[in-house]
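**Student:** My questions will all concern the structure given below.
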Amino acid sequence: MEATPGRERLIEQFKADGLKVMFGNPGTVEQGFLDAVDAAEEFRYVLALQETVAAGIADGYARATGGAALLQLHSGVGLGNGIGMLYQSLRGHTPLVVVAGDAGVRYDAMDAQMASDLVAMARPVTKYATRVTDPRSVLRTVRRAVKIALTPPRGPVFVALPMDVLDELNSEPVLPTTVPLTDVAPSPASVGRAAELLASAERPVVLVGDGVALSGAQRELVAVAELLGADVYEVDSSEVNIAASHPLRRGQTGHMFGPHSKELVADADGVLIVGTYVFPEVFPELESPFRAGAKIVHIDLNAYEIAKNHPVDLGLAADPRQALRALAGVLERQLTPQRRAAAAARLDVRTRERARSAGAVTEDDGTPMAVFLRTLAERTGGDLIVFDEALTTSSLVTRYLPAERPGDYHLTRGGSLGVGFPGAVGAKLARPDRLVVGFAGDGGSMYTYQALWTAARHGIDAKFVVCNNRKYRLLDDNIAQYWRERDIPEHGFPGSFDLSHPEIDFAGLARSLGAGGMRVEKPDEAVAAVGRMLSHPGPFLVDVQI
Numbered sequence: 005m006e007a008t009p010g011r012e013r014l015i016e017q018f019k020a021d022g023l024k025v026m027f028g029n030p031g032t033v034e035q036g037f038l039d040a041v042d043a044a045e046e047f048r049y050v051l052a053l054q055e056t057v058a059a060g061i062a063d064g065y066a067r068a069t070g071g072a073a074l075l076q077l078h079s080g081v082g083l084g085n086g087i088g089m090l091y092q093s094l095r096g097h098t099p100l101v102v103v104a105g106d107a108g109v110r111y112d113a114m115d116a117q118m119a120s121d122l123v124a125m126a127r128p129v130t131k132y133a134t135r136v137t138d139p140r141s142v143l144r145t146v147r148r149a150v151k152i153a154l155t156p157p158r159g160p161v162f163v164a165l166p167m168d169v170l171d172e173l174n175s176e177p178v179l180p181t182t183v184p185l186t187d188v189a190p191s192p193a194s195v196g197r198a199a200e201l202l203a204s205a206e207r208p209v210v211l212v213g214d215g216v217a218l219s220g221a222q223r224e225l226v227a228v229a230e231l232l233g234a235d236v237y238e239v240d241s242s243e244v245n246i247a248a249s250h251p252l253r254r255g256q257t258g259h260m261f262g263p264h265s266k267e268l269v270a271d272a273d274g275v276l277i278v279g280t281y282v283f284p285e286v287f288p289e290l291e292s293p294f295r296a297g298a299k300i301v302h303i304d305l306n307a308y309e310i311a312k313n314h315p316v317d318l319g320l321a322a323d324p325r326q327a328l329r330a331l332a333g334v335l336e337r338q339l340t341p342q343r344r345a346a347a348a349a350r351l352d353v354r355t356r357e358r359a360r361s362a363g364a365v366t367e368d369d370g371t372p373m374a375v376f377l378r379t380l381a382e383r384t385g386g387d388l389i390v391f392d393e394a395l396t397t398s399s400l401v402t403r404y405l406p407a408e409r410p411g412d413y414h415l416t417r418g419g420s421l422g423v424g425f426p427g428a429v430g431a432k433l434a435r436p437d438r439l440v441v442g443f444a445g446d447g448g449s450m451y452t453y454q455a456l457w458t459a460a461r462h463g464i465d466a467k468f469v470v471c472n473n474r475k476y477r478l479l480d481d482n483i484a485q486y487w488r489e490r491d492i493p494e495h496g497f498p499g500s501f502d503l504s505h506p507e508i509d510f511a512g513l514a515r516s517l518g519a520g521g522m523r524v525e526k527p528d529e530a531v532a533a534v535g536r537m538l539s540h541p542g543p544f545l546v547d548v549q550i
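At position 38 of the sequence shown the residue is numbered 42 (my numbering), and the sequence of numbers has no breaks.
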């Protein structure tokens with residue numbers, strides 16, 4: 005194969021792996037590579053004004069496509085800017101292929117401007133981090149990184165690309181990366197043991213995470229839950245693992261306080277954990293939250309997560325879809341008529357409860373946000389993709405725009421603020437045929453507001469909603485819990501939680517970045533705002549006062 009500069013060969017490798025869009029922010033040490041990117045055919049560079057924004061857009065794009073996304077950062081300073089968002093991708097298992105340049109191997113001994121140990125910086129927030137130092141191994145190393153990113157448990161990977169290595173002639177073959185198949189089925193004996201442990205439960209609970217969505221196991225999950233008559237709680241979950249309207253879905257366990265999760269599972273005598281670890285709270289229970297004697301089965305492709313924090317009776321390192329399908333088959337054959345009747349009764353109770361509460365969804369409390377969401381739901385029929393970083397307003401968002409279909413709802417994860425708006429930009433770029441609306445709090449939105457400029461520059465018709473309560477409301481809620489736990493009398497919230505002054509003109513900021521924008525203060529303005537947002541050609545933001 006005729007030798008060409010490594011920077012050009014690298015682009016061909018990305019294209020061979022279907023990575024034809026690169027998100028990033030340019031820098032001097034990547035200039036030769038980016039010059040080649042500009043000249044490449046069928047390869048697009050999406051410019052962001054700051055690396056955190058680029059990382060957030062890449063995350064949203066990968067989540068919406070279900071595949072990998074390509075992210076370019078600038079040396080150590082750019083990688084440093086993006087690390088918070090890469091942590092979000094790591095915790096959420098987003099397969100990002102992250103590359104960053106440096107001045108060159110020849111300069112390693114000089115400790116020059118912007119010199120840093122990129123691999124050491126990236127390692128804590130990636131599955132795999134490395135640096136290419138030999139021009140004969142550029143594509144080999146990149147293929148290894150792509151394979152690792154896409155192999156469950158998926159996640160971001162990092163490759164440092166020195167300028168002088170990419171300048172050298174390269175004759176490596178361009179080959180698509182081989183990603184191993186992981187649709188591994190458990191043995192019949194282990195499935196039989198799982199059914200035996202769970203079948204006799206009188207108070208069964210199923211705990212699920214995004215491993216279900218990744219394997220496409222939603223239907224199989226529902227089949228097992230209905231056979232057991234088990235309540236389903238979502239744990240480390242940010243995708244649609246079970247439809248919000250299913251009567252057995254009981255919501256999220258939460259990510260802050262262990263006692264809340266413990267309360268939800270304390271009475272369960274049979275627990276099935278699928279595609280998640282337990283539990284991901286910031287302040288978890290140190291002792292097992294499960295009752296003594298409860299039978300616990302844990303299914304996950306990521307063996308590391310099985311029994312990581314609490315013992316289980318049976319751990320199956322297997323694909324959730326294959327395992328749940330096999331488990332449903334065994335339960336169908338082995339459940340006694342009495343057990344079937346008990347499970348059906350539990351399902352009937354939840355179905356009747358859901359029916360009684362369904363009517364309340366059609367009513368709202370007359371606040372601007374409730375009217376806005378109700379109107380949006382009515383105008384779209386719920387046919388939209390929601391990227392949800394509304395945080396304390398999320399319960400209201402999902403009340404009117406419930407997460408029903410896989411791919412129609414993405415929730416923030418990992419704890420990094422600022423993913424909502426760039427995530428919506430990435431999702432809309434991936435799904436240009438769909439209406440995409442990103443929701444973010446006023447505080448979270450300001451971490452990555454420049455995403456609107458990227459949307460305007462590249463003609464990405466995403467819509468944005470600021471849930472504006474003029475504070476970091478989640479911190480108010482969390483410190484109130486802190487006070488209660490320590491018998492501290494309630495008092496004024498810390499001033500650092502307040503964002504009310506000076507007031508931020510979100511609509512004006514949107515217009516300054518090339519997007520449309522308007523502010524909603526009264527309920528009757530909310531109806532018109534939905535109409536303007538939906539009819540506006542291009543990115544549009546609505547600032548809704550709460």
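Yeah, the Cβ is synthetic: ideal placement off N, Cα and C, and Gly gets one too.
Buried or exposed: which applies to Val353, given that a residue is buried once 16 or more other Cβ atoms fall within 10 Å of its Cβ?
**Tutor:** Exposed, because fewer than 16 other Cβ atoms sit within 10 Å of the Cβ of Val353.
**Student:** Taking the alpha carbon of Pro139 as the point to measure from, which residue in Phe391, Met118, Asp121 and Asp171 has its own alpha carbon closest?
**Tutor:** Cα-wise, what sits closest to Pro139 is Asp171.
**Student:** Please tell me whether Pro99 and Arg158 are closer than 8 Å, where the distance is taken between their beta carbons.
**Tutor:** Contact flag set, yes.
**Student:** So, helix, strand or coil for Pro92, using DSSP?
**Tutor:** Note on identity: in this sequence residue 92 is Gln, with Pro being the wrong assignment. In this structure, Gln92 counts as helix in the three-state DSSP scheme.
**Student:** In the stretch 275-307, which residue ranges form an unbroken alpha helix (DSSP H) of at least 4 residues, counting only runs that do not cross its ends?
**Tutor:** Correct list: empty.
**Student:** Here's the rule I'm using: 16 or more other beta-carbon atoms within 10 Å means buried, otherwise exposed. How should His302 be labelled?
**Tutor:** Classification of His302: buried, given that the 10 Å Cβ count is 16 or more.
**Student:** Can you tell me the Cα-Cα spacing of Val212 and Leu328, whole angstroms?
**Tutor:** Whole-angstrom Cα-Cα distance: 12 Å.
**Student:** Contact between the stretch 19-29 and the stretch 42-58 is defined here as three or more beta-carbon pairs at a separation below 8 Å; is this criterion met?
**Tutor:** With the cut-off at 8 Å, the stretch 19-29 and the stretch 42-58 touch.
**Student:** Once the 5 residues before and after Arg147 are set aside, which same chain residues still bring their CB inside 6 Å of it?
**Tutor:** Result list for Arg147: Thr181, in chain order.
**Student:** Should Pro104 and Ser79 be called a contact, given that it needs their Cβ atoms to be closer than 8 Å?
**Tutor:** With the sequence shown as reference, residue 104 is identified as Ala, and Pro is not the correct amino acid for it. Yes, Cβ-Cβ distance for Ala104 and Ser79 is below 8 Å.
**Student:** Let me confirm a value: Gly297 is counted as buried when at least 16 other C-beta atoms fall within 10 Å, else exposed. Which label applies?
**Tutor:** Exposed is the call here.
**Student:** Report the CB separation of Phe27 from Ala73 in whole angstroms; it is logged as a contact under 8 Å.
**Tutor:** So it is a contact: roughly 7 Å between Cβ atoms.
**Student:** If you measure between the beta carbons of Asp240 and Pro284, is that distance less than 8 Å?
**Tutor:** Yes, the Cβ-Cβ distance between Asp240 and Pro284 is below 8 Å.
**Student:** Does the structure place the stretch 390-404 close enough to the stretch 425-437 that three or more beta carbon pairs sit under 8 Å?
**Tutor:** Touching, yes, given that three or more Cβ pairs across the two stretches are closer than 8 Å.
**Student:** Within the continuous beta strand (DSSP E) that includes Asp465, where are the two ends?
**Tutor:** Per DSSP, Asp465 belongs to no beta strand (DSSP E) and is neither H nor E.
**Student:** Please give the ranges of any beta strand (DSSP E) in the stretch 136-197, keeping only runs that are unbroken, at least 3 residues long and fully inside the region.
**Tutor:** The stretch 136-197 contains these whole beta strand (DSSP E) runs: 161-166.
**Student:** How would you call Asp369, buried or exposed, if buried means at least 16 neighbouring beta carbons within 10 angstroms?
**Tutor:** Exposed, because fewer than 16 other Cβ atoms sit within 10 Å of the Cβ of Asp369.
**Student:** Using a 10 Å radius around the Cβ and a threshold of 16 neighbouring Cβ atoms, would you call His495 buried or exposed?
**Tutor:** Label assigned to His495: exposed.
**Student:** Out of Pro426, Ala126 and Asp323, point me to the one whose CA is closest to Glu224's CA.
**Tutor:** For Glu224, the nearest C-alpha among the options comes from Asp323.
**Student:** Just to confirm the assignment, what range does the beta strand (DSSP E) spanning Pro76 have?
**Tutor:** In the sequence under discussion, the amino acid at residue 76 is Gln, which differs from the Pro named in the question. Element bounds for Gln76: Ala73 to Leu77.
**Student:** Whole angstroms is fine: what's the gap from Leu532's alpha carbon to Phe376's?
**Tutor:** A small correction: the amino acid at residue 532 is Ala; Leu does not occupy that position in the sequence shown. Roughly 9 Å separates the two Cα atoms.
**Student:** Taking the straight line between their C-alpha atoms, what separation do you get for Ala189 and Gln326?
**Tutor:** Near 5 Å, if we compare the C-alpha coordinates of Gln326 and Ala189.
**Student:** At what residue ranges does the stretch 441-495 contain a whole run of the alpha helix (DSSP H), taking only runs of 4 or more?
**Tutor:** If we require 4 residues or more, the alpha helix (DSSP H) runs fully inside the stretch 441-495 come out as 446-449, 455-461 and 477-489.
**Student:** Going along the chain, which residues of its own chain have a beta-carbon closer than 7 Å to the beta-carbon of Met114, five neighbours each way excluded?
**Tutor:** Counting only Cβ-Cβ distances below 7 Å, and skipping sequence neighbours, we find nothing.
**Student:** How would you write the range of the beta strand (DSSP E) that Ala113 sits in, first residue to last?
**Tutor:** First-last for Ala113: undefined, no H or E at that position.
**Student:** Look at the alpha carbon of Phe287 and the alpha carbon of Leu143, and state the distance between them as a whole number of angstroms.
**Tutor:** Spanning the two alpha carbons is a distance of roughly 43 Å.
**Student:** Where DSSP assigns a beta bridge to Asp502, which residues make up the other side?
**Tutor:** Lys475.
**Student:** Based on DSSP bridge pairs, tell me the residues matched to Ala362.
**Tutor:** Bridge partners of Ala362: none, in fact.
**Student:** What are the partner residues of Ala104, as DSSP defines its beta bridges?
**Tutor:** Leu77 and Ala164, per the DSSP bridge assignment.
**Student:** Between the Cα of Thr69 and those of Pro372, Leu154 and His250, spot the shortest distance and give me the residue it belongs to.
**Tutor:** Of Pro372, Leu154 and His250, the residue nearest in Cα terms is Leu154.
**Student:** Is it the case that the stretch 227-244 contacts the stretch 335-354, given that we only count it when at least three CB pairs across the two stretches are under 8 Å?
**Tutor:** Touching, yes.
**Student:** Do Gly520 and Gly535 have their C-beta atoms within less than 8 Å of each other?
**Tutor:** No.
**Student:** Any idea if Trp487 is buried or exposed, counting beta-carbon neighbours within 10 angstroms, 16 or more meaning buried?
**Tutor:** Trp487 is exposed by the Cβ-count criterion.
**Student:** What separation, rounded to the nearest whole angstrom, lies between the Cα atoms of Ile300 and Arg344?
**Tutor:** Going from the Cα of Ile300 to the Cα of Arg344 covers about 20 Å.
**Student:** Would you decide whether Ala530 is buried or exposed? Buried here means 16 or more other CB atoms lie within 10 Å of its CB.
**Tutor:** By the neighbour-count rule (16 or more Cβ atoms within 10 Å), Ala530 is buried.
**Student:** Over the uninterrupted beta strand (DSSP E) stretch that includes Val239, give me the two end residues.
**Tutor:** Segment: none, Val239 is in no beta strand (DSSP E) and carries neither H nor E.
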